[in-house]
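In the UniProt record's numbering, the protein residues as written are 1 to 291.
We put the CB at the ideal spot given by N, CA and C, even for glycine.
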């Protein structure tokens, strides 16, 4: 009996002493609705969250916790039918004039036309690193998983486990990388018909309102930042990554690289690293370094 009790105690210590915090969210516990005057709702005992947009207002939420590195998943089902003019954003961001940010934005479209998945990375207040994609499925018909892997070496955007974009830490080449500012998770649904659909040529059809996007199954395997310290302890978490913390040093293997190339070849519709007209003085430094 004593041996059994000791074994349970050891397991508990190992579990609760893990370097990172892994959780499956209950939206009541892990998120705050921040705006929308009742247009955002938490349903099904905290398992589902919906954001809505009408002509008067959109809505949004944010995480209660701040993170400094993480492997974060959220399942979204986007606005069905005519979603032109709407933007559903899901992103990480810090505060201040030199903020860091990692963006998923979903640009709505006319019925039957594809959504555009817009991605961007800001470091120290500088963005302009847009890549855009069509998706290889209808994101309004069911929930799909949108993931951000953010560790000290790279940021990887994935859809249903398929990587679509990697932004590597190239500080050695003078490229700032988000690594020192804790970020919260934010999401909002809002009207952007001045630019979102076909450059603003297609406006929001308010007769179709309210527009609703749905969220479920948020999962965080992450370093939580609180009171000036990280749940991962060391300022160099890569030195202690093991077991359940392997994401802290995770990189794309050859299979992942091939899958990402497939997405970029077949579904990428804009890449700032090939837009020479936009950067007449030369492409950004990270664009010139081969992967």
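Of the candidates 97, 107, 38, 135, the residue whose Cα lies closest to the Cα of residue 124 is 97. For residue 60, the closest alpha carbon among the candidates 67, 66, 52 is that of 52.
The Cβ atoms of residue 204 and residue 191 sit closer than 8 Å to each other. DSSP lists 119, 271 as the beta-bridge partner residues of residue 131. From the listed residues 65, 164, 76, the smallest Cα separation to residue 29 is found for 65. Secondary structure at residue 153: coil, using DSSP grouped into helix, strand and coil.
Below 8 Å, too few C-beta pairs join the region 42 to 49 and the region 78 to 93 to call them touching: fewer than three. Looking at the DSSP output, residue 183 sits in a beta bridge with 67. Note on residue 253: under 16 other CB atoms within 10 angstroms of its CB, so exposed under the neighbour-count rule.
For residue 27, the enclosing alpha helix (DSSP H) covers residues 27 to 30. Comparing alpha-carbon positions, the option among 84, 147, 152 lying closest to residue 209 turns out to be 84.
For residue 224, the uninterrupted beta strand (DSSP E) segment begins and ends at 211 to 226. In this structure, residue 102 lies near residue 150, with their beta-carbon atoms less than 8 Å apart. Here residue 87 is near residue 107, since their CB atoms are less than 8 Å apart.
Around the beta-carbon of residue 278, fewer than 16 other beta-carbon atoms lie within 10 Å, marking it exposed. By the Cβ rule, the region 115 to 133 counts as touching the region 266 to 278, because three or more pairs are nearer than 8 Å. Our two residues, residue 57 and residue 283, have alpha carbons roughly 38 Å apart in a direct line.
Rounded to whole angstroms, the separation of the alpha carbons of residue 199 and residue 285 is 28 Å. A Cβ-Cβ distance of about 5 Å is found for the pair residue 50 and residue 214, placing them in contact under the 8 Å criterion. One thing to note: residue 31 has its Cβ within 8 Å of the Cβ of residue 63. In this structure, the alpha-carbon of residue 162 lies about 10 Å from that of residue 258.
Excluding its 5 nearest sequence neighbours in each direction, residue 72 has C-beta neighbours in its own chain below 6 Å: 148, 220, listed in chain order.
In this structure, residue 129 sits away from residue 153, with a CB-CB distance that is not shorter than 8 Å.
Using a Cβ distance threshold of 8 Å, residue 114 and residue 134 count as a contacting pair. DSSP places residue 39 outside both helix and strand once states are collapsed to three, so it counts as coil. Residue 169 carries a coil assignment under DSSP once its states are collapsed to helix, strand and coil.
In the three-state reduction of the DSSP assignment, residue 263 falls in the helix class. Between residue 90 and residue 223, the beta carbon gap of about 20 Å keeps them out of contact (Cβ cut-off 8 Å). Around the CB of residue 112, fewer than 16 other CB atoms lie within 10 Å, so the residue is classed as exposed.
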